[in-house]
Amino acid sequence: MHFDAHTDLRDEFQGTRFHHGSVMRRTVELGIPVTHVGIRSVSEEEMEYLKGKGKEKNSVFYAERKHTLEEMVDTLRENVYITVDVDVLDSSVMPATGTPEPGGLTWYQILDAVRAIAAKKKIIGADVVELAPIPGMVAPDFLAAKLAYKIIGFALS
Ligand SMILES: [Mn+2]
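Just so we're aligned, residue 47 is where the sequence shown starts under the working numbering, counting upward by one.
Here is the structure:
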């Protein structure tokens with residue numbers, strides 16, 4: 047389960063296949079299907095991939111369209127690893143990230159999504175990445191910490 051503004055499906059970027067923009071491509075290559083949520087920026091290469099070989103292995107939920115949480119949860123297998131790039135959140139609540147995109151999720155939308163996953167699936171692990179702290183602005187740092195705490199809580203409840 048991939049919460050991100052970007053699909054991170056590039057085959058390589060800036061001369062490496064292990065770029066943070068390639069991590070989901072490597073994941074899919076390991077045979078792990080990926081559900082992307084909150085997407086609002088996709089490169090031409092990634093779009094071609096999603097129309098071709100990636101079609102069966104990637105479920106994409108764009109941020110601007112209305113999807114139900116049930117539709118999203120139904121794409122997942124029983125054991126779910128959650129990865130959160132904090133740029134999935136709207137820049138108004140999460141400005142402290144390297145590649146912000148307007149139009150992202152609110153705090154309560156991501157909590158509702160994680161809660162819906164926890165209700166039907168087993169959360170076996172998670173990470174929260176891409177926080178780039180802004181000196182003097184602590185709110186985004188607290189948000190990232192509390193999101194990690196909330197995911198742990200939902201996973202265990
Ligand atoms: Mn991202």
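Positions of the beta carbon are idealized from the N, C-alpha and C atoms, including for glycine.
Proximity test, residue i beta-carbon vs ligand 1 heavy atom, cut-off 7 Å
i, result
"residue 51", "yes"
"residue 114", "no"
"residue 145", "yes"
"residue 92", "no"
"residue 110", "no"
"residue 133", "yes"
"residue 117", "no"
"residue 124", "no"
"residue 102", "no"
Where residue i falls, given that 16 or more other Cβ within 10 Å makes a residue buried
i, result
"residue 171", "exposed"
"residue 183", "exposed"
"residue 138", "exposed"
"residue 190", "buried"
Residues near residue i by beta carbon distance below 8 Å, same chain, minus five either side
i, result
"residue 96", "53, 55, 88, 104 and 106"
"residue 68", "54, 55, 56, 57, 58, 59 and 62"
Pair within 8 Å by beta-carbon distance, residue i and residue j
i, j, result
"residue 143", "residue 136", "no"
"residue 164", "residue 201", "yes"
"residue 160", "residue 198", "no"
"residue 47", "residue 122", "yes"
"residue 75", "residue 65", "no"
"residue 180", "residue 141", "yes"
"residue 93", "residue 80", "no"
"residue 188", "residue 131", "no"
Same chain, Cβ closer than 6 Å to residue i, neighbours up to 5 away in sequence not counted
i, result
"residue 108", "85"
"residue 193", "174"
Residue-level contact to chain D via CB, residue i, 8 Å cutoff
i, result
"residue 188", "This model lacks chain D altogether; it includes just one protein chain."
Own chain, CB closer than 7 Å to residue i, minus 5 neighbours either side, in chain order
i, result
"residue 126", "47, 163, 167, 168, 169 and 170"
"residue 73", "80"
"residue 113", "107"
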